[in-house]
Amino acid sequence: MDKIIIEGGKKLQGEVQISGAKNAALPIMVSALLTDGWNTFENIPDLVDIKTAKRLLKSLGVQMEGDGALKINASQIDNLEASYELVKTMRASILVLGPLVARMGRARVSLPGGCAIGARPVNLHIKALREMGAQVDLVDGYVEAKADRLKGAEIFFETVTVTGTENIMMAAALAKGKTVLKNAAKEPEVVNLAEVLNGMGARITGAGTDTIKIDGVEGLHSVTARVMPDRIEAGTFLIAAGITGGDVTVCGCDPEYLDALIAKLIDTGMEITSTEDRISAKRRGPIRSVDVRTAPFPGFPTDLQAQMMAYMTVAEGLSAIAETVFENRFMHVGELTRMGANIEIQGHTAMVKGVPRIKGAPVMATDLRASASLILAGLVAEGRTEINRVYHLDRGYQEIEKKFSALGADIRRVKV
Ligand code: EPZ
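Those letters in the sequence shown? Residues 8 to 423, per this note's numbering, in order.
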């Protein structure tokens, strides 16, 4: 288990290239299951979750070559079961359910189980497949689904679900007739996936709105496509500029993906300028506290809540941070408190009272984005911060300590 050691107090300066988005790459890689030729997906990030997704696809009989430009061929699927061993390490594995039922007529996928940030049920994925005519049973912790051919249906998601929308959009692409998804997720990663599916010959309109229409087709062909940049990685670096009082430009990311964050960062006193694929952020004056409420896109992303909280621990005043998407996404509060932050949890809201400084300490990462918030806190803390269990970090950030070091941070990874 590696750990990351940071000597705080350095202002970050410079440019950082944003990697491909984990949460776009995962559903795009899985979409290859719908085709029977060689697909090429570019800008795939080098992450632990991507390696897990490759192992999962390989276990189904999918052939793969390459890394950043990944070639995937699903013409020889010879196994329709996604095992618990694989699914328990990455809940997004549930994304193979829709495509396997649509293309092969059957699938047996382990229930993902909860994770640190919540129960993470998949009931809406299952409900939608049943509405499309699939027979779905829960047997020994596995979802067993079968359908001779899925039928188009009108589906209303009672809760906005990103992978739920993606799973059913992929299933509907090969269903007989028309499917309409209502209260669909509007995340940019859903739009990226829809573009890839349409490139394969699917007929999808409305991606990016809350109503997505899919006209099922008989078959899909392979495609060459590109994964969008990671807006959460970009947001993490913008917040890093704020917390250290530096001046950072993130390259390769569309500012449109980060409207909610940028508006908040300006309210904290940062200056933000952007072009179509670069965002520059700097802070000169004091940090003003702001209130944050997470919400589905285009609201403030839950995946940036922990990072924003780290920033607010050293702001002037009181900041109310409400987490509305997941029921238990405040694990970072205990660790930040150990560094001297003043945070009180009241239900789904963390009341953060800014303090003049926080102090480095040994802390422990609990989930992907919480670990990023501990890095941000370490960058501004007085003295040394040691972050343990950084395998959480490696799931979603490509060489993050090298990128922070290139911006002037005193940060290094130590093999334990
Ligand atoms: C995706 O998870 C992301 N993961 C998450 O990123 C992200 O935090 C989340 O969307 C919200 O934006 C990927 O895209 C691989 P949801 P997902 O289904 O799809 C409830 C990261 O750090 N729900 O949109 O699993 C659920 O419990 C990860 O990169 C049901 O009740 O999230 C939650 O409260 C963390 N039943 C809410 O909906 C269902 O069947 C939103 O979850 C499905 C979801």
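We put the CB at the ideal spot given by N, CA and C, even for glycine.
Checklist entry - Which residue comes first and which comes last in the alpha helix (DSSP H) that contains N205? => result From DSSP, the alpha helix (DSSP H) with N205 extends over P195 to G206.
Checklist entry - Rounded to a whole number of angstroms, what is the C-alpha to C-alpha distance between T59 and V197? => result V197 has its alpha-carbon roughly 21 Å from the corresponding atom of T59.
Next on the checklist: If contacts are defined as beta-carbon pairs under 8 Å, then A182 and L204 qualify, I think. What distance do you get, rounded to the angstrom?
Outcome noted: About 13 Å; that fails the 8 Å criterion.
Next on the checklist: Contact between the region 342-351 and the region 383-401 is defined here as three or more beta-carbon pairs at a separation below 8 Å; is this criterion met?
Outcome noted: As far as the Cβ criterion goes, the region 342-351 touches the region 383-401, which means the pair count is three or higher.
Next on the checklist: If you follow the alpha helix (DSSP H) that V108 is in, where does it begin and where does it stop?
Outcome noted: Looking at the DSSP string, the run of the alpha helix (DSSP H) that includes V108 is L104 to M111.
Item to check | Distance between beta carbons of I101 and N50, contact taken as under 8 Å | outcome: Their Cβ separation, rounded to whole angstroms, is 24 Å, which puts N50 and I101 out of contact at 8 Å.
Checklist entry - So is the beta-carbon of D401 under 6 Å away from any non-hydrogen atom of the ligand EPZ? => result Outside the cutoff, so no.
Checklist entry - By how many angstroms is the C-alpha of N130 removed from the C-alpha of I365? => result Near 42 Å, if we compare the C-alpha coordinates of N130 and I365.
Checklist entry - Mapping DSSP to helix, strand and coil, what is K29? => result The three-state reading of DSSP puts K29 in helix, counting H, G and I together.
Checklist entry - What does V187 pair with, by DSSP beta-bridge criteria? => result DSSP, once it has assigned bridges, lists E161 and K220 as partnering V187.
Next on the checklist: Per DSSP, what are the beta-bridge partners of L343 in this structure?
Outcome noted: Note: L343 sits in no beta bridge, so no partner.
Checklist entry - Hey, would you say V187 sits closer than 7 Å to E225, going by beta carbons? => result Not closer than 7 Å, so no.
Checklist entry - Between which two residues does the beta strand (DSSP E) containing Q142 stretch? => result It spans Q142 to V146 - the beta strand (DSSP E) in which Q142 sits, taken as one unbroken run.
Checklist entry - Within the chosen definition, does the region 69-77 reach the region 260-267 through at least 3 CB pairs nearer than 8 Å? => result With a cut-off of 8 Å, the region 260-267 and the region 69-77 do not count as touching, because too few Cβ pairs lie within range.
Checklist entry - For Q24, which residues from the same chain have a beta carbon less than 6 Å from its beta carbon, with the 5 sequence-adjacent residues on both sides left out? => result Counting only Cβ-Cβ distances below 6 Å, and skipping sequence neighbours, we find C258 and G259.
Item to check | Integer Cβ distance of E9 from V421, believed to fall under 8 Å | outcome: The amino acid occupying residue 9 in the given sequence is Asp; Glu does not appear at that position. Contact holds; Cβ gap of about 7 Å.
Checklist entry - Under 6 Å from any heavy atom of the ligand EPZ, does the C-beta of A99 make it? => result With a cutoff of 6 Å, A99 counts as near the ligand EPZ, since its C-beta is closer than that to a heavy atom of the ligand.
Item to check | Own chain partners of G44 with C-beta closer than 8 Å, once the 5 adjacent residues on each side are dropped | outcome: Once the five neighbours on either side are set aside, the close Cβ partners of G44 are N80, S82, H228 and S229.
Checklist entry - Between K189, G213 and N190, which lies nearest to N199 when the distance is taken from Cα to Cα? => result The option with the nearest alpha carbon to N199 is G213.
Next on the checklist: Quick check: is any heavy atom of the ligand EPZ less than 6 Å from the C-beta of N190?
Outcome noted: N190: no, Cβ never under 6 Å from the ligand EPZ.
Item to check | Residues near K220 by beta carbon distance below 6 Å, same chain, minus five either side | outcome: In the same chain as K220, and ignoring 5 residues on each side of it, the C-beta atoms closer than 6 Å to its own belong to V187, T212 and G213, in chain order.
Item to check | Enclosing beta strand (DSSP E) for L77 [first to last residue] | outcome: Annotation: the continuous beta strand (DSSP E) that includes L77 extends over L77 to N80.
Next on the checklist: Using the Cβ count rule (16 or more neighbours within 10 Å means buried), how would you classify D147?
Outcome noted: It counts as exposed.
Checklist entry - Quick one: what's got a C-beta closer than 7 Å to K360's C-beta in the same chain, skipping five residues either side? => result Within its own chain, the residues whose Cβ lies closer than 7 Å to the Cβ of K360, once the five positions on either side in sequence are excluded, are L325 and N349, listed in chain order.
Next on the checklist: Is it buried or exposed, Q353, if we count other Cβ atoms within 10 angstroms and call 16 or more buried?
Outcome noted: Q353 comes out exposed.
Item to check | Beta-bridge partners of D417, as assigned by DSSP | outcome: Answer is E14, bridged to D417.
Next on the checklist: Closest to K426 by C-alpha separation, out of K185, T356 and G105, would be which residue?
Outcome noted: Residue 426 cannot be examined here, being either before or after the span of the chain that is shown, 8 to 423.
Item to check | Own chain, CB closer than 7 Å to Q405, minus 5 neighbours either side, in chain order | outcome: Around Q405: S26, P52, D53 and L54.
Checklist entry - S378 lies in the alpha helix (DSSP H); which residues open and close that run? => result From DSSP, the alpha helix (DSSP H) with S378 extends over L375 to V387.
Item to check | First through last residue of the beta strand (DSSP E) which encompasses G21 | outcome: From DSSP, the beta strand (DSSP E) with G21 extends over Q20 to Q24.
Next on the checklist: Taking its Cβ as the centre, do 16 or more other Cβ atoms sit within 10 Å of V423, making it buried, or is it exposed?
Outcome noted: V423 counts as exposed, since fewer than 16 other C-beta atoms from the protein chains shown sit within 10 angstroms of its C-beta.
Checklist entry - Alpha carbon to alpha carbon, how far is T251 from K17? => result The straight-line gap separating the alpha-carbon atoms of T251 and K17 is approximately 7 Å.
Item to check | Closer than 6 Å: G171 CB and nearest the ligand FAD heavy atom | outcome: Among the ligands in the structure shown, the ligand FAD does not appear; only the ligand EPZ can be found there.
Checklist entry - Using the rule of at least 16 other Cβ atoms within 10 Å of the residue's Cβ for burial, across every protein chain shown, is Y318 buried or exposed? => result Burial call: buried.
Next on the checklist: Is R127 a contact residue of the ligand EPZ, with contact defined as CB to any heavy atom under 6 Å?
Outcome noted: Checking every heavy atom of the ligand EPZ against the Cβ of R127, one is found closer than 6 Å.
Checklist entry - What do you reckon, is the C-beta of D237 under 6 Å from a heavy atom of the ligand EPZ? => result Taking 6 Å as the cut-off, the C-beta of D237 does not count as close to any heavy atom of the ligand EPZ.
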